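Per the UniProt record's numbering, the very first residue in the sequence shown carries number 1; after that it's consecutive.
Where a beta carbon is used, it is the ideal one built from N, C-alpha and C, also for glycine.
All values reported here derive from a predicted model rather than from experimental measurement.
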Amino acid sequence: MSCFGCFSPRRKDVSKVEIDNGTTRSSGSGRGRGHFDDTESGKGKGKGGNSAQKSVARSFTFRELAAATKGFKEVNLIGEGGFGRVYKGRLEAGQVVAVKQLNHDGLQGFQEFIVEVLMLSLLHHTNLVTLIGYCTDGDQRLLVYEYMPRGSLEDHLFDLKPDQEPLCWDTRIKIAVGAARGLEYLHCKANPPVIYRDLKSANILLDDHFNPKLSDFGLAKLGPVGDNTHVSTRVMGTYGYCAPEYAMSGKLTLKSDIYSFGVVMLELITGKKAIDNTMKQGEQNLVAWSRPFLKDRRKFVQLVDPLLQGRFPTRCLHHAVAITAMCLQEQPTFRPLISDIVVALEYLASQNHKPGRAGVHSPISSSPSQQHRDTFSRESDYRMSSTSG
Ligand SMILES: Nc1ncnc2c1ncn2[C@@H]1O[C@H](COP(=O)(O)OP(=O)(O)OP(=O)(O)O)[C@@H](O)[C@H]1O
Ligand SMILES: [Mg+2]
């Protein structure tokens, strides 16, 4: 059953990206083997699902990538994660790229490299980062991605530089919608479904217009097939984003990703990090800290990022928090399906809020009774029912 009874269900997509023995096949769309994008679901919806770059990842020599990054110069360093360092570069043809260089820390990185190349060669969607190529010269392992000029969501939520504008409410919802669409593609279009396993704000990259793309598929797993309800794995992922049942038992389901999505939603709403060891005891784990607020609708407003300075639509906040709370249910079966989340978030995004409009929370202009009405008038929009699966 759908969690969001008021929204009309999305058309069932007829085509699927089939993943079998390293090849892809579209079922029902009449296309042959090859690389597939979300053309079918993007059609007619005006959300650009079909504009993902479809070119096949190509092989680069180490020399080419050294030239692109000017010898991996420090000045071109744009980030560093567990996998290695990331450099900005320019290919000979002029294309600006991000080059990720694996640090030589054992087998894990090599496995992630292979999974990343395989997954991103098979899966193409506007809200997944495009892999342009890779390098396997000698023991070098490098990945070449499209360059995302605004870096990661993390860079725009936490520890902002003095001259940096905080994200406005509408942009936060836009990012949530795009990330949800990327996840929907993995869960609902890929066959078998792909469990992302590493959803976090550091892995949501942003283009010039704050369109989000999911990145880092090195931990992704093919989901359960047939009668199986889960796949068993060694617990991987990032502390603070990991679903409790997965952390405890290693049983991985699509609902593990939904929990992580809930944590990202919480970060978008609060501007707080999933884990922040600089905070005092009791406030270091965002989900644990937020529980009392999530349970009481009158306290929703206390969750909101102070950097928004009260500029958010109260009703939309109410719905966004309701979605978040459902994603963070302890029981995985009570968490919603990603397709329902997409529908609900698309509805919120379609409301197009402008600060100062009626219903937009403003600490100065609206009276408490008005705010209260705005907050609760559309309460029935969401049925807080559970979804099995
Ligand atoms: N395609 C890209 N375009 C622009 N910047 C990128 C790109 N890929 C990564 N980055 C930058 O590099 C940083 C590090 O990314 P990386 O994926 O290596 O690590 P992480 O996701 O932060 O952490 P970890 O991989 O350890 O989980 C990102 O936060 C982002 O700022
Ligand atoms: Mg990353």
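Unbroken alpha helix (DSSP H) run spanning residue i, endpoints
| i | result |
| --- | --- |
| Cys-135 | Looking at the DSSP string, Cys-135 is not in any alpha helix (DSSP H); the run it does join, the beta strand (DSSP E), is 131-135. |
| Glu-154 | 154-157 |
| Ile-341 | 338-350 |
| Leu-286 | 286-295 |
| Glu-245 | 244-249 |
Residue i Cβ short of 6 Å to ligand 2 heavy atom set
| i | result |
| --- | --- |
| Asp-216 | yes |
| Gly-81 | yes |
| Asn-127 | no |
| Ala-202 | yes |
Residues that residue i bridges to, as DSSP identifies them
| i | result |
| --- | --- |
| Leu-307 | Answer is none; Leu-307 lacks a bridge partner. |
| Gly-178 | The partner list for Gly-178 (beta bridge, DSSP) is empty, contrary to what the question assumes. |
| Ser-59 | Tyr-134 |
| Tyr-145 | Ala-98, Leu-131 |
| Gly-237 | According to DSSP, Gly-237 bridges with nothing at all. |
| Val-231 | Leu-252 |
| Asn-277 | BP columns for Asn-277 are empty, so no partner. |
| Lys-221 | Ile-195 |
Ligand 1 heavy atom lying under 6 Å from the CB of residue i
| i | result |
| --- | --- |
| Val-225 | no |
| Asn-103 | no |
| Gly-262 | no |
| Ala-98 | yes |
| Ile-78 | yes |
| Ser-152 | yes |
| Leu-120 | no |
| Met-148 | yes |
| Val-117 | no |
| Val-75 | no |
| Tyr-145 | yes |
| Leu-205 | yes |
| Val-17 | no |
| Val-321 | no |
| Val-86 | yes |
Endpoints, the beta strand (DSSP E) within which residue i is located
| i | result |
| --- | --- |
| Leu-102 | 96-102 |
| Tyr-87 | 84-90 |
| Leu-214 | 212-214 |
| Tyr-185 | Run containing Tyr-185: none; DSSP gives neither H nor E here. |
| Ile-269 | Per DSSP, Ile-269 belongs to no beta strand (DSSP E); it is in the alpha helix (DSSP H), 254-270. |
| Ile-78 | 77-80 |
| Leu-206 | 204-206 |
Presumed contact (8 Å Cβ cut-off) between residue i and residue j, rounded CB distance
| i | j | result |
| --- | --- | --- |
| Val-99 | Gly-89 | 5 Å |
| Gln-284 | Asp-296 | Between Asp-296 and Gln-284 the Cβ distance is about 22 Å, and since that is not below 8 Å, they are no contact. |
| Met-119 | Val-194 | 7 Å |
| His-318 | Phe-300 | 6 Å |
| Lys-130 | Tyr-145 | At residue 130 the sequence reads Thr, which differs from the Lys that was named. Yes, they are in contact, since the Cβ atoms of Thr-130 and Tyr-145 sit about 7 Å apart, within 8 Å. |
| Ala-243 | Lys-255 | 7 Å |
| Cys-327 | Arg-315 | With a Cβ gap of about 19 Å, Cys-327 and Arg-315 do not count as contacting. |
| Ile-341 | Ala-180 | 5 Å |
| Ile-173 | Leu-348 | 5 Å |
| Thr-238 | Asp-137 | Going by Cβ atoms, the distance from Thr-238 to Asp-137 rounds to 30 Å, so no, they are not a contact pair. |
| Ser-215 | Leu-153 | Incorrect: roughly 11 Å between the Cβ atoms, too far for contact. |
| Gly-178 | Asn-211 | 6 Å |
| Gly-240 | Val-263 | 7 Å |
| Glu-116 | Gly-218 | 4 Å |
Check: residue i C-beta below 6 Å from any heavy atom of ligand 3
| i | result |
| --- | --- |
| Tyr-259 | Of the ligands this structure carries, namely ligand 1 and ligand 2, none is ligand 3. |
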